Amino acid sequence: MTGLTGFDWIAAFGLLLVIEGILPFAAPAVWREGFRRILELRDGQLRFIGAASLLGGALLLLMSN
Numbered sequence: 470m471t472g473l474t475g476f477d478w479i480a481a482f483g484l485l486l487v488i489e490g491i492l493p494f495a496a497p498a499v500w501r502e503g504f505r506r507i508l509e510l511r512d513g514q515l516r517f518i519g520a521a522s523l524l525g526g527a528l529l530l531l532m533s534n
């Protein structure tokens with residue numbers, strides 16, 4: 470098994486940017502409304518979302534190896 474190269478990290482980051490840019494490009498009003506709703510969340514709710522994202526991403530990375 471080989472490790473990730475610099476190119477792999479750049480490709481992964483590029484894919485992240487493409488996925489993150491789809492909604493603001495295709496439906497800016499929907500994106501803006503969603504962002505407004507996120508701003509209204511309490512700190513604990515944001516931390517829970519962040520923790521769930523971190524754990525989900527870590528699990529996906531572990532499963533891919």
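First residue of the sequence shown? That's 470 in our numbering, and the numbers climb one at a time after it.
In this text, a Cβ means the ideal position worked out from N, Cα and C, and glycines have one as well.
Predicted, not measured: the structure shown is a model, and the values here were computed from it.
As assigned by DSSP and simplified to three states, the class of residue i
i, result
"glycine 513", "helix"
"alanine 496", "coil"
"glycine 525", "helix"
"glycine 519", "helix"
"glycine 472", "coil"
8 Å Cβ cutoff met for residue i and residue j
i, j, result
"valine 499", "leucine 508", "no"
Min CB distance residue i to chain C below 8 Å
i, result
"leucine 523", "Any reference to chain C falls outside this structure, which holds one protein chain only."
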